[in-house]
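To start, the structure under review is shown below, and the notes come after it.
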Amino acid sequence: DAGVIQSPRHEVTEMGQEVTLRCKPISGHDYLFWYRQTMMRGLELLIYFNNNVPIDDSGMPEDRFSAKMPNASFSTLKIQPSEPRDSAVYFCASSPGQGWWDEQYFGPGTRLTVT
Amino acid sequence: AQSVAQPEDQVNVAEGNPLTVKCTYSVSGNPYLFWYVQYPNRGLQFLLKYITGDNLVKGSYGFEAEFNKSQTSFHLKKPSALVSDSALYFCAVRDDNYGQNFVFGPGTRLSVLP
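Protein chains in written order, with the numbering used here: chain A, 3 to 117; chain B, 7 to 120.
As structure tokens, this is what we get:
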């Protein structure tokens with residue numbers, strides 16, 4: 003298996019532009035998680051899905067952020083409009099979700115820079 | 007609510023010496039505990055986990071962790087550190103009262119000096 007795939011790996015954009023981050027989870031995994039990592043705040047859970055349905059989006063910073071999972075093999079995280087404070091590394095992770103013992107498998111991340 | 011603390015931002019150890027990276031947690035239900043490692047410009051990689059049973063858990067790359075229920079700790083250990091172990095280490099907890107999401111600690115940067 004190729005693992006969790008994220009694209010793009012790096013994104014540089016100007017303030018006010020729309021940014022879309024993409025994730026392909028491991029096949030057969032029922033759970034998908036989006037995280038943001040910054041020096042100041044560490045690793046934060048933004049949202050997670052179970053069987054393509056959002057379960058907890060309490061970590062989404064504000065209405066500028068939205069996430070979708072139209073099918074079991076694809077998810078997007080969109081920021082519109084982007085701001086410099088959104089600069090971070092965004093990780094996608096997936097988990098089989100068969101039990102509490104399941105670990106999460108992380109993608110390589112997307113490094114977002116908003117100028 | 008669930009929480010994780012990693013009391014040390016940075017741990018320095020000489021190559022060949024034993025290393026310990028500390029983690030304490032707080033949950034209301036049963037804890038499921040995990041350690042991850044992050045190398046520069048990479049995603050998090052799973053090292054090991056505690057579910058139930060033996061308090062000493064063995065994982066990848068020679069790492070092990072000891073679960074201590076009375077002290078609510080799950081410290082990561084390795085008998086002999088390698089320079090290549092230098093990385094950022096995260097402890098995470100899942101509380102079975104709160105669903106499938108993890109809570110991650112702030113991370114501890116391990117530097118193994120040659």
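A virtual CB, placed ideally from N, CA and C, is assigned to each residue, including glycine.
Roughly how far, in whole angstroms, is the beta-carbon of Met17/A from the beta-carbon of Thr117/A, given that I think they are within contact range, below 8 Å?
Yes, Met17/A and Thr117/A are in contact; Cβ-Cβ is about 7 Å, under 8 Å.
Helix, strand or coil for Asp65/A, going by three-state DSSP, please let me know.
Note: Asp65/A maps to coil in three-state DSSP.
Please decide whether Gln8/B counts as near chain A, where near means a Cβ-Cβ distance under 8 Å.
Judged by the 8 Å Cβ criterion, Gln8/B is not in contact with chain A.
Based on Cα-Cα distance, which residue from Arg100/B, Lys55/B, Asn103/B, Leu50/B lies nearest to Leu126/B?
In the structure as shown, chain B begins at 7 and stops at 120. Residue 126/B is therefore absent and cannot be evaluated.
Does the Cβ-Cβ distance between Cys29/B and Ser66/B come in under 8 Å?
Not a contact, by the Cβ cut-off of 8 Å.
Is Leu48/A close to chain B, meaning its C-beta is less than 8 Å from at least one C-beta of that chain?
Closer than 8 Å: no.
Which residues, in chain order, does the segment 52-64 of chain B contribute to contact with chain A at a C-beta distance below 7 Å?
Answer set for the segment 52-64 of chain B: Phe52, Lys55, Ile57.
Starting from Leu8/A and walking both ways along the beta strand (DSSP E), at which residues does that stretch end?
The question names Leu, but residue 8/A in the sequence shown is Gln. That run of the beta strand (DSSP E) goes 7-9.
Reducing DSSP to helix, strand and coil, say where Arg43/A ends up.
Looking at Arg43/A - three-state DSSP - the assignment turns out to be coil, as it is neither helix nor strand.
Taking just the CA atoms, how far does Ile49/A sit from Tyr92/A?
Each residue's Cα considered, the two are about 12 Å apart.
Please list, in chain order, all residues of the same chain as Met71/A whose beta carbon is under 7 Å from its beta carbon, the five residues on each side excluded.
Result list for Met71/A: Leu34, Phe51, Asn54, Ser77, in chain order.
Bridge partners of Glu70/B, per DSSP?
The partner list for Glu70/B (beta bridge, DSSP) reads Lys64/B, Lys83/B.
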